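Residue numbers (the working numbering), protein chains in the order written: chain A, 1 to 297; chain B, 1001 to 1264; chain C, 2001 to 2307; chain D, 3001 to 3296. Glycine included, every Cβ here is placed at the ideal spot set by N, Cα and C. Predicted, not measured: the structure shown is a model, and the values here were computed from it. Notes for the one structure printed next.
Here it is, written out as structure tokens:
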């Protein structure tokens, strides 16, 4: 077989693989959207869920999902960033560092129900946080940290060493060089990491059933005092997220329109992740251009 | 292949006041020794060239001078600057690098605008006055002979410049900090002859205000611009004298073979 | 002159900055490390209780084939043989990773090398979308579409390793793809040009140079993918049949470690044997992923040395 | 200059945010416990009972604003172990505390709030409509493996069991298997999943709470008794159990009031029946933990 034929064959194979993946992708996303979109209405998005009658919405679940995601990122991002910077820029090449890396990778393979139960026994019971958004966010931080740390480290490592030398040789501290020169260049990569982990947080159910709970008490969207019990911003209140709601409706739901709610909620979830994805990319590009002055000419 | 004697060296002691000097500098990468007992004195406001084949240790030596090897290698010996041994742990390495600045082999401007490339380090040092910053940007770009080419596009990305322009921007970036000593690691090796000529002209103009130490592959370049030249071979500094003397009357056989192209 | 000497000896703003930066990042790293240690310790103490408090022999746990923690078996010990689950977990994880890797690498190559514009801007975000679909949705689509399909094609009930593998395949695809394309992107462009300049065809360039250079990164991507497959519970639970039986073929109901863990954890009481053995299952999961992790690292290191 | 600041500001915000959130937890807690005016009741456990308690709690709180009731699932096992350790106010369970290993039932006070009936269900393609108790037992112990052995068409029986330790399974095994060992088969935890599997897999048999029987699956009669609420109240239909809300010792006043509310006519005749349970008030018999049934 000549080199040319091999080349053509290999390219063909890659195209075939891509074709199959695209087919699965379109099939799956199409299926979710087609079955779900007809069930989405303004009423569905803006009314509260019902326990046993038809016509319930997902307002609270939707908000809870977003709020939980935000809180999780706020807690986990700084630590992941610090850890990623440490591993990429400061860590000496020795067994301790190797162990840390391995531990982080092992953490990412823990089944979510174990993380959930750990979160339940530690945060909900021991720290007395109760079933709360905060407990959920802390449990999800365990999930988020490995993938986020890893992608931040990778993104930092992809920045050419020449940039670090340039900064350091001007008498800048390593820290300044990292934060002001290396980090902006690594930003698109870091954003990808955030998107992926955000998607996972959004779709996670098992870890949240035991931590942020599976009931959504009525909250007052006009109450901005986040210490008040019925404020929508109170991190100490229990909160059922969209993914947990889908799980609950599917497994124990007795509403007559459970199938429609589940399909609609799944579609909403996908659409939101899509918006998030596109938005984050756009924002990342803008921020990158802003920070590096590399406007496309 | 001829065998050479490395214990035979010819190192001059320039009479001019030294800006920087090394005493028995040795560098190890793990177990491998890359530099053996390098002792040189660099006269103030002169250009010194470091020449030698690839892997002769000249870049390694240069990178020691502002402690850029800290994280990758073990450096032993003394580096004297202002009567202080700066190769010590307790020395403020950032202060050292502010005084002893470095330009690298491959141009490495920051992924920022041209203006920001120069102003960035100044701002980090606490200079925030707009007018002063603008003045410093202008003077250093002029000193690096880049001003006329870029003065209308200071807010463009530095990455859009040509290689030669980028390298001169890197020089300007160092000059803006008003260092004492400028270290250049083969600054022209990745550039075309025209850009190289421009860089050489820039360096020649700078020699009155700066002490310059330049690593180069190019012996013509060394003979054109350098006042003093040191020859490195396999981690040893074999010969160091005034450039003219070194190129016309080398005292060591290896040097002679190297500069006449009979090497190996 | 004196001033300079003083400056050289004195710490400056930059020194403090670096001190600050190093401490804060070290703090974060050690905190992350501590979290990991905490959760590992937690799982370990609970998982080991089966052996230390309930005096189950490790042998009967690892090699036994009957799982019935609430009943006493013939030997007077509760029946807690986890072998069927270990086998099934290993099987579905390995198969899913084996199946997904060529697809993921293919897509990653497409996205980074063949059509970076179209692929990178459209295909990759779409694939990353898959990560966000809750596993319960995967499970129900698997249950309502894949299981009947399998039953139709191969007979039986449609529940089993094959169905589980296929669902996991889709679930790990995005993880492996996006990490693999990251590591492909990190291969310097010089490598490409150098190979092409030597007259290599695109495939030779990709196979001999780019893939080779990105190998450690791709292996890490596979570990992360396997990790996800290992830990996945809700989706697999619905399509694998969830019966603790040795798999006798591609499509006989069986159970993974995680699916049994998830099913049982809400129905048992903390501190009792049926609960402790579930934590032991989690411990096995940990040990297994540790093993895979080391194995892949070892292979990666060998691969790099031969390069 | 502005550009540079943005990034550091970003980092600063996230870091302080993170620190605040992590230490803020204790602050927030102090603040809420300092107010301490609303009594907090936390009920955890059975997922089957959760919708009832959750809805009842919602209605109750509308009338009594000084109580915050937090209802969560987690499974009967979780409910019982958490009430035993005193971590929650109420532990919801599908089974008697005495039936669960590791639980000291004498320390817990049982509050029976509803009755749930369970029925064997089959895929619609199964032609059998009625089984004897003995046949049902034979199927779930693996002695009968084909529908034609019990009067149906020639089709393999696919058994889907419920999770070990779950209330549904305990009830079913107590009423049907009576101590015999169940066949090793698929095990599913949730009613919804079982419903889906039974409706989509030909030849499948499993069992569900009454409220989950829908038009896609078929409920079977046993010994010609139909699975109806009326038959449960007289114990003619034997597969049923209580839904329990356990407290550790006697409940405090606020909890007792809430439990009374659930036991009230309003809830028992309204919500309980709307959600597909059977009111405890309607029962003409009682059952104890050992499964002995007595006329009331």
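Open item on the list: Output needed in chain order: residues of the segment 208-221 of chain A with a Cβ under 8 angstroms from some Cβ in chain D.
Closed with: 209, 210, 213, 214, 215, 217 and 218
Task: Under 7 angstroms (Cβ pairs) to chain C, residues found in the segment 1030-1042 of chain B - done: none
Open item on the list: Below 7 angstroms on C-beta distance, what does residue 1089 of chain B contact in chain A?
Closed with: In the second chain, counting from the first residue as 1, residue 1089 of chain B sits at position 89. Neighbours of residue 1089 of chain B on chain A: none; closest Cβ ~15 angstroms, over 7 angstroms.
Open item on the list: Please identify the residue among A:97, A:267 and A:215 whose C-alpha is closest to the C-alpha of residue 3339 of chain D.
Closed with: This structure gives no information on residue 3339 of chain D, because the portion of chain D shown stretches from 3001 to 3296.
Open item on the list: Does residue 2037 of chain C pass the burial test, meaning 16 or more other C-beta atoms within 10 Å, or should it be called exposed?
Closed with: In the third chain, counting from the first residue as 1, residue 2037 of chain C sits at position 37. Residue 2037 of chain C should be labelled exposed.
Task: 8 angstroms Cβ cutoff, residue 3211 of chain D in contact with chain A - done: Position 211 of the fourth chain holds residue 3211 of chain D. Judged by the 8 angstroms Cβ criterion, residue 3211 of chain D is in contact with chain A.
- [ ] Whole angstroms is fine: what's the gap from residue 3055 of chain D's alpha carbon to residue 3209 of chain D's?
- [x] Position 55 of the fourth chain, counting from 1, holds the residue named residue 3055 of chain D. Position 209 of the fourth chain, counting from 1, holds the residue named residue 3209 of chain D. Cα-Cα distance, rounded: 19 angstroms.
- [ ] With DSSP as the reference, label residue 1025 of chain B as helix, strand or coil.
- [x] As a working mapping, residue 1025 of chain B is identified with position 25 in the second chain. DSSP places residue 1025 of chain B in the strand class (E or B) of the three-state scheme.
Open item on the list: If distances are taken between C-alpha atoms only, which option among D:3163, D:3181 and D:3269 comes closest to residue 3207 of chain D?
Closed with: As a working note, residue 3207 of chain D is residue 207 in the fourth chain. Residue D:3163 is the option with its Cα nearest to residue 3207 of chain D.
Task: Chain-order list of residues whose beta-carbon lies under 8 angstroms from that of residue 285 of chain A (same chain, five-residue window excluded) - done: Here residue 285 of chain A refers to the residue found at position 285 of the first chain. So the qualifying residues of the chain are 188.
- [ ] Please classify residue 39 of chain A: does DSSP put it in a helix, a strand, or coil?
- [x] Position 39 of the first chain, counted from the first residue, corresponds to residue 39 of chain A. Residue 39 of chain A falls in the helix class under three-state DSSP.
Task: Segment contact flag, the segment 267-278 of chain A with the segment 2149-2166 of chain C, C-beta cutoff 8 angstroms, min 3 pairs - done: Under the Cβ criterion (8 angstroms, minimum of three pairs), the segment 267-278 of chain A does not count as touching the segment 2149-2166 of chain C.
Task: For residue 2050 of chain C and residue 2042 of chain C, believed in contact at Cβ under 8 angstroms, the rounded distance - done: Indexing the third chain from 1 puts residue 2042 of chain C at position 42. Indexing the third chain from 1 puts residue 2050 of chain C at position 50. Residue 2042 of chain C to residue 2050 of chain C, Cβ: 15 angstroms. No contact.
Open item on the list: Please tell me whether residue 1255 of chain B and residue 1239 of chain B are closer than 8 angstroms, where the distance is taken between their beta carbons.
Closed with: Sequence index remark: in the second chain, residue 1255 of chain B carries index 255 (1-based). Sequence index remark: in the second chain, residue 1239 of chain B carries index 239 (1-based). Against a cut-off of 8 angstroms, the Cβ pair of residue 1239 of chain B and residue 1255 of chain B comes out as a contact.
- [ ] Using a cut-off of 9 angstroms between C-beta atoms, extract the partners of residue 3189 of chain D located in chain C.
- [x] Locating residue 3189 of chain D in the fourth chain gives position 189, where the first residue counts as 1. Here the neighbours are 2237, 2242, 2262, 2263, 2264, 2266 and 2267.
TODO: Pick helix, strand or coil for residue 102 of chain A, following the three-state DSSP scheme.
DONE: Within the first chain, the letter at position 102 stands for residue 102 of chain A. If DSSP states are grouped into helix, strand and coil, residue 102 of chain A belongs with the helices.
- [ ] Would you mind sorting residue 1170 of chain B into buried or exposed? The rule is 16 or more other CB atoms within 10 Å of its CB.
- [x] Counting from one through the second chain, the residue named residue 1170 of chain B turns up at place 170. With 16 or more other Cβ atoms within 10 Å, it is buried.
TODO: Tell me, please, whether the CB atom of residue 2166 of chain C is closer than 8 angstroms to any CB atom in chain D?
DONE: Within the third chain, residue 2166 of chain C is the residue found at index 166, counting from 1. By this cut-off, residue 2166 of chain C is not an interface position.
TODO: Output the boundary residues of the beta strand (DSSP E) element that contains residue 1236 of chain B.
DONE: On the second chain, residue 1236 of chain B is found 236 positions in, with the first residue counted as 1. Residue 1236 of chain B -> beta strand (DSSP E) spans 1236-1242.
Open item on the list: Counting C-beta neighbours from all protein chains within 10 Å, is the total for residue 1058 of chain B 16 or more, i.e. buried, or is it exposed?
Closed with: Within the second chain, the letter at position 58 stands for residue 1058 of chain B. Result: buried.
- [ ] List the residues of chain C that residue 3117 of chain D touches, going by C-beta distances under 8 angstroms, in chain order.
- [x] Stepping through the fourth chain from its first residue, residue 3117 of chain D is reached at position 117. Within chain C, no residue comes near residue 3117 of chain D; the closest Cβ sits about 20 angstroms away, beyond 8 angstroms.
TODO: Output yes or no for whether 8 angstroms exceeds the beta carbon distance between residue 2173 of chain C and residue 2108 of chain C.
DONE: Numbered from 1 along the third chain, position 173 holds the residue referred to as residue 2173 of chain C. Numbered from 1 along the third chain, position 108 holds the residue referred to as residue 2108 of chain C. The answer is no: Cβ separation not under 8 angstroms.
Task: Sequence-distant residues of its chain with Cβ nearer than 8 angstroms to residue 43 of chain A (five each side left out) - done: Against the first chain, residue 43 of chain A aligns to sequence position 43. Once the five neighbours on either side are set aside, the close Cβ partners of residue 43 of chain A are 55 and 57.
Open item on the list: residue 106 of chain A and residue 2025 of chain C - do their beta-carbons sit closer together than 8 angstroms?
Closed with: Position 25 of the third chain holds residue 2025 of chain C. Position 106 of the first chain holds residue 106 of chain A. Note that the C-beta distance between residue 2025 of chain C and residue 106 of chain A is not below 8 angstroms.
Open item on the list: Which residue marks the beginning of the alpha helix (DSSP H) containing residue 1116 of chain B, and which one marks its end?
Closed with: Within the second chain, residue 1116 of chain B is the residue found at index 116, counting from 1. Here the alpha helix (DSSP H) through residue 1116 of chain B covers 1114-1124.
Open item on the list: Looking at the secondary structure, which residues open and close the alpha helix (DSSP H) in which residue 1147 of chain B lies?
Closed with: Here residue 1147 of chain B refers to the residue found at position 147 of the second chain. Here the alpha helix (DSSP H) through residue 1147 of chain B covers 1147-1150.
Open item on the list: For residue 3073 of chain D and residue 1068 of chain B, I'd like the C-alpha separation in whole angstroms.
Closed with: Counting from one through the fourth chain, the residue named residue 3073 of chain D turns up at place 73. Counting from one through the second chain, the residue named residue 1068 of chain B turns up at place 68. Approximately 60 angstroms between the Cα atoms of the pair.
TODO: Output, in sequence order along the chain, the residues in the segment 167-180 of chain A whose CB is closer than 8 angstroms to any CB in chain B.
DONE: Result list: 167, 168, 169, 170, 171, 172, 173, 176 and 180.
TODO: Run the CB neighbour count on residue 3216 of chain D, radius 10 Å, all protein chains shown included, and call it buried at 16 or more, exposed below.
DONE: Start at 1 with the first residue of the fourth chain, and residue 3216 of chain D comes out as number 216. Exposed: under 16 other Cβ atoms inside 10 Å.
Open item on the list: Can you find the residues in the same chain that come closer than 7 angstroms, C-beta to C-beta, to residue 3148 of chain D, ignoring five residues on each side of it along the sequence?
Closed with: Your numbering for residue 3148 of chain D matches position 148 in the fourth chain. Contacts found: 3154.
- [ ] Could you spell out where the beta strand (DSSP E) holding residue 1315 of chain B opens and where it closes?
- [x] Nothing about residue 1315 of chain B can be read from this structure; chain B reaches only from 1001 to 1264.
Open item on the list: Distance cutoff 8 angstroms, beta carbons only. Does residue 35 of chain A sit that close to anything in chain D?
Closed with: In the first chain, residue 35 of chain A corresponds to position 35, counting from 1. By this cut-off, residue 35 of chain A is not an interface position.
TODO: Please report the Cβ distance between residue 2131 of chain C and residue 196 of chain A, rounded to the nearest whole angstrom; I am assuming they are in contact, meaning their Cβ atoms lie under 8 angstroms.
DONE: As a first step, residue 2131 of chain C is located in the third chain; it is residue number 131 there, counting from the start. As a first step, residue 196 of chain A is located in the first chain; it is residue number 196 there, counting from the start. Between residue 196 of chain A and residue 2131 of chain C the Cβ distance is about 6 angstroms, and since that is below 8 angstroms, they are a contact.
Open item on the list: Using a Cβ-Cβ distance cut-off of 8 angstroms, determine whether residue 3032 of chain D contacts chain C.
Closed with: Counting from one through the fourth chain, the residue named residue 3032 of chain D turns up at place 32. Confidence in residue 3032 of chain D is poor, its pLDDT being 39 and thus under 50, which makes the residue's placement too unreliable to answer from.
TODO: Determine the DSSP secondary structure at residue 2280 of chain C, reduced to helix, strand or coil.
DONE: By one-based count along the third chain, residue 2280 of chain C stands at place 280. DSSP places residue 2280 of chain C in helix when its eight states are reduced to three.
Task: Separation of residue 254 of chain A from residue 3233 of chain D, as counted between CA atoms - done: For the purposes of this step, residue 3233 of chain D is taken as residue 233 along the fourth chain, with counting starting at 1. For the purposes of this step, residue 254 of chain A is taken as residue 254 along the first chain, with counting starting at 1. Using only the alpha carbons, I get a separation of about 22 angstroms.
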